[in-house]
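Student: Input: one structure, supplied below.
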Amino acid sequence: MIKNLKPWLLAALILASLHQAHAQNPFITNQFTADPTARVFGDRIYVYPSHDIRATPGHGRAGWFVMEDYHVFSSANLTDWTDHGVIVTQNKVPWVKPDSYSMWAPDCIQRNGKYYFYFPSAPRDTAISKGFTIGVAVADKPTGPFVPQPLPIKGVRGIDPNVFIDKNGQAYLYWSQGNIYGAKLKENMLELAEEPKTLGELPTKGLKEGPYLFERKGIYYLTYPHVANKTERLEYATSTSPLGPFTVKGVIMDESPTGCWTNHHSLLQLKNQWYLFYHHNDLSPKFDKNRSVRIDSLSFAADGSIRKVTPTLRGVGLTDARQKIQLDRYSRLSQQGAAIAFLDTANTFQGWKTVFTDAKGWVQYNGVAFGSQKVKAVTLRGASAAGATLQIRLDNAAGPVVAEVSVPKGSAWQEVKAPVGAIRPGPHTLFVAPKSGAAVEVDWVRFE
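Now the structure itself:
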């Protein structure tokens, strides 16, 4: 029967069968992801991250980074993300050392109708390199299938590949190994066109890695993680040439306040707005080798300097009012009476909950999109040992109450529905708080 389906219907069924995620931070929550490279191909945004997994006996080194394959994710709006599955895996690459679990930060670029996926790993042949080197897999589509080249790129030793194609068509490869290096690529995108150059104008003290280069208004920005103190922060330097000399300019994102050792990033412009893709250990707060990818907005000052980005849980994009709205990915949270906790500490992929301990607590969630079709009800998944009533207001703490949801007494989670007052079309901010002092937990809310 499938062969007789219309092409558009078949495509829709295939897409529906793929894992969906939604854009709060982290925006992928069904697996650990890190080192996100974001690209626009056609009318979609694609993210190529590395894939952290937990070490098990005989599979990776305990207490360290363990990575065996790569997935690719895509979105049309930065809000709804689709996991297209594994595109490259360690033991199906001819030159990679078997069971090395060393598939670290990748990149992908499009040229002449082909997609070139660059990735580092430990080679099986130590004559090539005793550390890491970088290889390429090629595909006709951004989601693959990708075919790895039989050998890594000659003359490259290191990790964290990044590819940049200048306006004149010249392609460059950047990577790190103690220092950050760059070199022109040949037209075939598979070989260096020259000897690597050390980009030596960067800080000499502390680890530097993860280069990502882009051009804006004739200025070349080299961005990179740097351990200036104990953990990585994101910094940048600028030049009038893709290979420098560079001048260090400042910090894009400060060190993680919770002590996550690494950060790794990319920048993307979409419809006149810039975005920073990066990672944190949201889903693994006690082990920072299992990380998760995030997005936040980024902007430039009039002189071209990058304004420092403050990480958020809310992330970017609008949330459809008819989807589950995860209040725990808040825009603002009261200092008293409210907190965020995992739904299940043994399985953090289930996500978080908002815990209200008394009437002083509140949570604000920005950017909920109410379409032209009126909503009539709201469903809230909550739990309250003594029973509690929550108020949902629009736009701010003094805004109109559009719904009151009473969660019955009980220890189990319950989905409770309540009528909704008139809500004008367009985006709104939700402001949710207990009506009384009874403790109550909230998983999500959804309008219909």
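Under mature numbering (1 follows the signal peptide of the UniProt record, and there is no 0), the letters of the sequence shown match residues -23 to -1, 1 to 425, in that order. The C-beta atom is built at its ideal place from N, Cα and C for all residues, glycine as well. Here the structure is a predicted model, which is why all the values come from computation and not from measurement.
Write down the C-beta distance between Pro13 and His405 rounded to the nearest angstrom, noting that I regard them as a contact closer than 8 Å.
Tutor: Translated into the one-based positions of the sequence shown, residue 13 becomes position 36. Translated into the one-based positions of the sequence shown, residue 405 becomes position 428. Not confirmed; about 29 Å, so no contact.
Student: Taking the continuous beta strand (DSSP E) assigned at His257, which residues delimit it?
Tutor: Numbered from 1 along the sequence shown, position 280 holds the residue referred to as residue 257. Gln250 to His257 is the extent of the beta strand (DSSP E) around His257.
Student: For Lys91, count neighbouring Cβ atoms within 10 angstroms of its own Cβ and tell me buried if that reaches 16, exposed if not.
Tutor: Reading the sequence shown from its first residue, position 114 is the one you call residue 91. When all chains shown are included, Lys91 counts as exposed.
Student: Where do the N-terminal and C-terminal ends of the beta strand (DSSP E) with Lys161 fall, by residue?
Tutor: As a working mapping, residue 161 is identified with position 184 in the sequence shown. That run of the beta strand (DSSP E) goes Asn156 to Lys161.
Student: Report yes or no: do the segment 171 to 187 and the segment 151 to 161 share at least 3 C-beta pairs separated by less than 8 Å?
Tutor: Yes: at least three Cβ pairs fall under 8 Å.
Student: I'd like to confirm the pairing. Which residues does DSSP put opposite Leu169 in its beta bridges?
Tutor: Residue 169 sits at position 192 when you count from the first residue of the sequence shown. According to DSSP, Leu169 bridges with Leu162.
Student: Apart from the five residues on each side of it in sequence, which residues of its chain come closer than 7 Å, Cβ to Cβ, to Thr208?
Tutor: Indexing the sequence shown from 1 puts residue 208 at position 231. Hits under 7 Å: Glu232, Ser233, Gly236, Cys237 and Trp238.
Student: Using 9 Å as the threshold, is the C-beta distance between Val419 and Leu371 below it?
Tutor: Taking the sequence shown and counting its residues from 1, one reaches residue 419 at position 442. Taking the sequence shown and counting its residues from 1, one reaches residue 371 at position 394. No; because the gap between Cβ atoms is not below 9 Å, this pair is not in contact.
Student: Between the Cα of Arg210 and the Cα atoms of Leu162, Lys285, Thr120 and Ala279, which residue gives the shortest distance?
Tutor: As a working note, residue 210 is residue 233 in the sequence shown. With distances taken between Cα atoms, Arg210 lies closest to Lys285.
Student: Suppose contacts are defined by Cβ-Cβ distances below 9 Å. Is Phe424 in contact with Val352 by that definition?
Tutor: Numbered from 1 along the sequence shown, position 447 holds the residue referred to as residue 424. Numbered from 1 along the sequence shown, position 375 holds the residue referred to as residue 352. In this structure, Val352 lies closer than 9 Å to Phe424 by Cβ.
Student: Quick check on the burial criterion: 16 or more other C-beta atoms within 10 angstroms. Buried or exposed for Phe326?
Tutor: Taking the sequence shown and counting its residues from 1, one reaches residue 326 at position 349. So Phe326 counts as exposed.
Student: Under the DSSP definition of a beta bridge, which residues are partnered with Ala346?
Tutor: As a working mapping, residue 346 is identified with position 369 in the sequence shown. Asp297 and Pro404.
Student: Which one of Arg101, Gly108 and Phe94 has the shortest CA to CA distance from Phe123?
Tutor: Here residue 123 refers to the residue found at position 146 when the sequence shown is read from its first residue. Checked all of Arg101, Gly108 and Phe94; the closest Cα to Phe123 is Phe94.
Student: If you draw a straight line from the C-alpha of Asp57 to the C-alpha of Gly108, how long is it?
Tutor: Residue mapping note: residue 57 aligns to position 80 of the sequence shown, counting from 1. Residue mapping note: residue 108 aligns to position 131 of the sequence shown, counting from 1. If I take the Cα positions, the gap works out to 38 Å.
Student: Where do the ends of the beta strand (DSSP E) carrying Gln368 lie?
Tutor: Indexing the sequence shown from 1 puts residue 368 at position 391. Here the beta strand (DSSP E) through Gln368 covers Ala365 to Leu371.
Student: So does the segment 244 to 254 actually touch the segment 262 to 269, counting three or more Cβ pairs closer than 8 Å?
Tutor: The segment 244 to 254 is not in contact with the segment 262 to 269.
Student: Starting from residue 426 and walking both ways along the beta strand (DSSP E), at which residues does that stretch end?
Tutor: Nothing can be reported for residue 426, as the shown portion of the chain is limited to -23 through 425.
Student: In or out: Lys185 buried (at least 16 other Cβ within 10 Å) or exposed?
Tutor: Looking up residue 185 in the sequence shown gives position 208. Its Cβ being crowded by 16 or more others within 10 Å, Lys185 is buried.
Student: Rounded to whole angstroms, what's the CA-CA distance from Gln87 to Trp81? Just pull it up for me.
Tutor: Position 110 of the sequence shown holds residue 87. Position 104 of the sequence shown holds residue 81. Roughly 20 Å separates the two Cα atoms.
Student: With a threshold of 16 other CB atoms inside 10 Å of the CB of Trp41, please say whether the residue is buried or exposed.
Tutor: Start at 1 with the first residue of the sequence shown, and residue 41 comes out as number 64. It is exposed - the Cβ of Trp41 has fewer than 16 other Cβ atoms within 10 Å.
Student: Could you spell out where the beta strand (DSSP E) holding Tyr307 opens and where it closes?
Tutor: As a first step, residue 307 must be located in the sequence shown, where it is residue number 330. Here Tyr307 belongs to no beta strand (DSSP E), and DSSP marks it neither H nor E.
Student: Using DSSP with H/G/I as helix, E/B as strand and the rest coil, what is Phe326?
Tutor: The residue given as residue 326 occupies position 349 in the sequence shown. Helix, per DSSP.
Student: Can you tell me where the beta strand (DSSP E) with Arg423 in it begins and where it stops?
Tutor: The residue given as residue 423 occupies position 446 in the sequence shown. It spans Val417 to Phe424 - the beta strand (DSSP E) in which Arg423 sits, taken as one unbroken run.
Student: Give the secondary structure of Asn2 by DSSP, where H, G and I count as helix, E and B as strand, and everything else as coil.
Tutor: Within the sequence shown, residue 2 is the residue found at index 25, counting from 1. In this structure, Asn2 counts as coil in the three-state DSSP scheme.
Student: Would you list the residues sitting across from Phe42 in a DSSP beta bridge?
Tutor: Here the question's residue 42 lines up with position 65 in the sequence shown. Looking at the DSSP assignment, Phe42 forms no beta bridge with any residue, so it has no partner.
Student: Among Ala11, Arg31 and Arg291, which residue has its Cα nearest to the Cα of Val49?
Tutor: Counting from 1 along the sequence shown, the entry for residue 49 is found at position 72. Measuring from the Cα of Val49, the nearest candidate turns out to be Ala11.
Student: Taking buried to mean at least 16 other C-beta atoms within 10 Å of its own C-beta, is Gln312 buried or exposed?
Tutor: Locating residue 312 in the sequence shown gives position 335, where the first residue counts as 1. Per the 10 Å Cβ criterion, exposed.
Student: Below 9 Å between beta carbons: does that hold for Leu55 and Ile22?
Tutor: Your numbering for residue 55 matches position 78 in the sequence shown. Your numbering for residue 22 matches position 45 in the sequence shown. In contact: Leu55 and Ile22 (Cβ atoms closer than 9 Å).
Student: What is the DSSP secondary structure of Lys131, reduced to helix, strand or coil?
Tutor: Along the sequence shown, read from residue 1 onward, the residue named residue 131 stands at position 154. In this structure, Lys131 counts as coil in the three-state DSSP scheme.
Student: Quick one, which of Arg268, Pro125 and Ser361 has its alpha-carbon nearest Asp117's?
Tutor: Position 140 of the sequence shown, counted from the start, is the residue given in the question as residue 117. When only C-alpha atoms are compared, the closest one is Pro125.
Student: How would you call Val422, buried or exposed, if buried means at least 16 neighbouring beta carbons within 10 angstroms?
Tutor: Counted from its first residue, the sequence shown places residue 422 at position 445. It counts as buried.
Student: Among the candidates Pro396, Ser79 and Lys144, whose CA atom is the shortest distance from the CA of Phe191?
Tutor: By 1-based counting over the sequence shown, the position of residue 191 is 214. Nearest option by C-alpha distance: Lys144.
Student: For a minimum of 3 consecutive residues, which ranges assigned as the beta strand (DSSP E) are wholly contained in the segment 78 to 158?
Tutor: Listed in chain order, they are 84 to 88, 91 to 98, 110 to 116, 136 to 142 and 148 to 154.
Student: Please report whether the beta-carbon of Gly135 lies at a distance below 9 Å from any beta-carbon of chain E.
Tutor: Here there is only one protein chain, and chain E is not present.
Student: For Glu45, collect the residues of the same chain with a Cβ closer than 7 Å to its Cβ; drop the 5 residues on either side in sequence, then sort them by chain order.
Tutor: The sequence position of residue 45 within the sequence shown is 68, counting from 1. The residues are Ile30, Thr66, Gln67, Tyr78 and Met80.
Student: What are the start and end residues of the beta strand (DSSP E) that includes Arg210?
Tutor: For the purposes of this step, residue 210 is taken as residue 233 along the sequence shown, with counting starting at 1. Its beta strand (DSSP E) spans residues Glu209 to Ser216.
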